[in-house]
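Visitor: Residue numbers (our numbering): 1 to 114.
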Amino acid sequence: MNEDEAAAIRQRLADMRAALNTASADAADSRAPVELDQTSVGRLSRIDAMQAQSMALATERRRAIELARIDQALARVAAGTYGICVKCDEPIEPRRLTLDPAIAVCLACARDHV
């Protein structure tokens, strides 16, 4: 991979990271603790709010996992190993990297994992 390709990949990963961070900041209120004041919110409304909070927290965990994948991909770019499967050291198909630039394994290894 030449320096222009590496720069394009770094930029795409940085854009993905920025989008995830923006989404996380936008959803911060939905992860806030649920008030348990029964005078202003009924029991069912509280349950709905707690369920919404739980889903928001699960989404935030998925975002954190995706951010970690992006950071790992950036580290592979820096190390010169981007595009090489972390399990079998074979090249990852370019189409696969185009679909998900943070992918770490080739299709064969991904199938073996399932």
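Where is the CB? At the ideal position from N, CA and C, for every residue including glycine. Just so you know, these numbers come straight off a predicted model, no measurement behind them.
Exposed or buried, L57, counting other C-beta atoms within 10 Å across all chains shown (16 or more means buried)?
Guide: The count along the sequence shown starts at 1 and reaches residue 57 at position 57. Its Cβ having fewer than 16 others within 10 Å, L57 is exposed.
Visitor: Whole angstroms are fine: how far does the CA of R46 sit from the CA of E66?
Guide: On the sequence shown, residue 66 is found 66 positions in, with the first residue counted as 1. On the sequence shown, residue 46 is found 46 positions in, with the first residue counted as 1. Cα to Cα, E66 sits roughly 30 angstroms from R46.
Visitor: Would you decide whether A52 is buried or exposed? Buried here means 16 or more other CB atoms lie within 10 Å of its CB.
Guide: Numbered from its first residue, the sequence shown carries residue 52 at position 52. Result: exposed.
Visitor: At what residues does the alpha helix (DSSP H) containing T22 begin and finish?
Guide: Along the sequence shown, read from residue 1 onward, the residue named residue 22 stands at position 22. From DSSP, the alpha helix (DSSP H) with T22 extends over E3 to D26.
Visitor: With C-beta atoms as the reference, is L13 less than 8 angstroms away from A73?
Guide: Your numbering for residue 13 matches position 13 in the sequence shown. Your numbering for residue 73 matches position 73 in the sequence shown. Judged by beta-carbon spacing, A73 lies within the 8 angstroms limit of L13, meaning their Cβ atoms are closer than that value.
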